[in-house]
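Heads up, the sequence shown is in this note's numbering, so the first residue is 2 and it goes up one at a time. Virtual Cβ for every residue (Gly too), placed ideally from N, Cα, C. Only one structure is covered here, and it is reproduced in the block below.
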Amino acid sequence: MQVLEETDAKSAAISMDDDLAAAPVSRVQVEKRDGRVVDFDSMNIIMAIKAAFKDLGKEVGPQEEQMIRGISDRIEAEIQDRYNGPAKIEDIQTLVEHGLIENHLYEVARCYTSYRLNRDIDRAKATDINEAVNRLVNRDESLVRENANKDSNVYATQRDLLAGAVSKASAFSMLPHAVSNAHMKGDIHFHDADYSPFTCMSNCSLPDFGDMLAKGFALGNAMMDSPKSIGTAATQVTQIIKDIAGAQYGGQTVNRADEMLEPYAKCDYEKNLAMAHAMIPDSTPIEVAKDMIDGLKAQEPKNLHCSDRDPLPADTPFDENLSELDQLREVYAKIMTRKAIYDAMQTMEYQINSNRVSNGQTPFVTVGFGLGTSWFAREIQRAI
Numbered sequence: 002m003q004v005l006e007e008t009d010a011k012s013a014a015i016s017m018d019d020d021l022a023a024a025p026v027s028r029v030q031v032e033k034r035d036g037r038v039v040d041f042d043s044m045n046i047i048m049a050i051k052a053a054f055k056d057l058g059k060e061v062g063p064q065e066e067q068m069i070r071g072i073s074d075r076i077e078a079e080i081q082d083r084y085n086g087p088a089k090i091e092d093i094q095t096l097v098e099h100g101l102i103e104n105h106l107y108e109v110a111r112c113y114t115s116y117r118l119n120r121d122i123d124r125a126k127a128t129d130i131n132e133a134v135n136r137l138v139n140r141d142e143s144l145v146r147e148n149a150n151k152d153s154n155v156y157a158t159q160r161d162l163l164a165g166a167v168s169k170a171s172a173f174s175m176l177p178h179a180v181s182n183a184h185m186k187g188d189i190h191f192h193d194a195d196y197s198p199f200t201c202m203s204n205c206s207l208p209d210f211g212d213m214l215a216k217g218f219a220l221g222n223a224m225m226d227s228p229k230s231i232g233t234a235a236t237q238v239t240q241i242i243k244d245i246a247g248a249q250y251g252g253q254t255v256n257r258a259d260e261m262l263e264p265y266a267k268c269d270y271e272k273n274l275a276m277a278h279a280m281i282p283d284s285t286p287i288e289v290a291k292d293m294i295d296g297l298k299a300q301e302p303k304n305l306h307c308s309d310r311d312p313l314p315a316d317t318p319f320d321e322n323l324s325e326l327d328q329l330r331e332v333y334a335k336i337m338t339r340k341a342i343y344d345a346m347q348t349m350e351y352q353i354n355s356n357r358v359s360n361g362q363t364p365f366v367t368v369g370f371g372l373g374t375s376w377f378a379r380e381i382q383r384a385i
């Protein structure tokens, strides 16, 4: 009988141990401000308290370390006892403040509370349209100098900044709470909130400039034909850039510009070759023609503003089987075409950098080049 009782007692004890082992360990969970439910992490409390110590210039020694961890452990236990579901982050912050006060860390508690209040104010300001407008009126440096492509002294830019400030405040109300909160904490950066998601405008683009130049295009109410010179082609490219910049935000890329503009440099060459036949008729003595070419070549460093650089390579004709006079005509056409290419690239650069679109912004443009291998492409690369 006694043996049976002992056996029953052991069985009951084993059964109880099994039940305890099988019982799920309750996890302490926290509901974040953005609605997410995450597991409690005591390190968040520990790091926040240590940050308050640091702001006050206080050292965290072994005794303070033990005290901070004790506060964190007590808060975790209290949450587990008090809450059936996830604890709200605001309640945990209140428990931290009380824990600091109970341990006579009054200055640390005040610093922690101030930090918490400032974060709450920053969150509220981020979605407050009135606050956004006030920042612009008071010329907040972080706002008026946020974009190097925008001159905040220009009236059109000021209107764009005003619209952007309102859009940004609205955007952080429209975005998912997790995204807005992560942006405000600095975990991520939501780009272009002054346009997106409040408007449906597109961002950066890779326009097919080559197709538009080759086939012609509409700009406003005017139809543009395919250009017949590299100078006109460069101007049309800048007009397209300006028009696109007014209909989107973000940058544009002019891809493989040297190869794209090459056909229009050839147009200039053909016109210059025809001019060479007029300037150097068949009756021209070879020595006179050579002197004319040498004179043009001597003027190149000045005309191309490259006097302080390495001398340009000697020009050779495309077809060395031609007569000597025709070879000199080709060299003449090359020299004149090089100048046309240089002027066209200078025009394109000046126009891009001096243009302002409807929102007061200078277009943000990337020009890709360097893959072309023909003489025309190489000269475009040199000019750029």
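So what's residue i in DSSP terms, helix, strand or just coil?
i	result
Val366	strand
Leu220	strand
Glu60	coil
Lys303	helix
Ser206	strand
Arg111	helix
Between the alpha carbons of residue i and residue j, how many angstroms are there, rounded?
i	j	result
Ala194	Lys216	36 angstroms
Pro87	Ile50	22 angstroms
Leu329	Ala341	19 angstroms
Leu220	Gly373	29 angstroms
Ala235	Gly187	42 angstroms
Tyr333	Glu288	14 angstroms
Arg257	Val31	54 angstroms
Gly251	Val366	9 angstroms
Pro285	Asn322	The residue you asked about is not Pro; residue 285 is Thr in the sequence shown. Taking the straight line joining both Cα atoms gives about 19 angstroms.
Gly369	Asp295	34 angstroms
Phe319	Lys267	12 angstroms
Gln300	Ala172	58 angstroms
Could you please give me the residues that DSSP links to residue i through a beta bridge?
i	result
Thr254	Thr367
Glu32	Val38 and Lys89
Met225	Phe218
Gln249	Ser203
Please return the same chain residues whose Cβ sits closer than 8 angstroms to the Cβ of residue i, not counting the five positions on each side in sequence.
i	result
Gly36	His178 and Ala179
His190	His184
Ile47	Ile69, Arg70 and Ser73
Glu331	Leu274, Ala277, Pro318, Phe319, Asp320 and Leu323
Let me confirm a value: residue i is counted as buried when at least 16 other C-beta atoms fall within 10 Å, else exposed. Which label applies?
i	result
Asn119	exposed
Tyr343	buried
Ser203	exposed
Asn304	exposed
Ala279	exposed
Tyr375	It is worth fixing the name first, because residue 375 is Ser in this sequence and not Tyr. So Ser375 ends up on the exposed side.
Give every residue of the same chain whose Cβ lies closer than 6 angstroms to the Cβ of residue i, excluding the five residues on either side of it in the sequence, and list them in chain order.
i	result
Asp269	Ser230, Ile231, Thr338 and Ala341
Thr239	Met349, Gln352 and Ile353
Near residue i, which residues of its chain fall below 7 angstroms by C-beta distance, leaving aside the five closest residues on each side in sequence?
i	result
Glu98	Ala110, Tyr113 and Thr114
Lys291	Leu329
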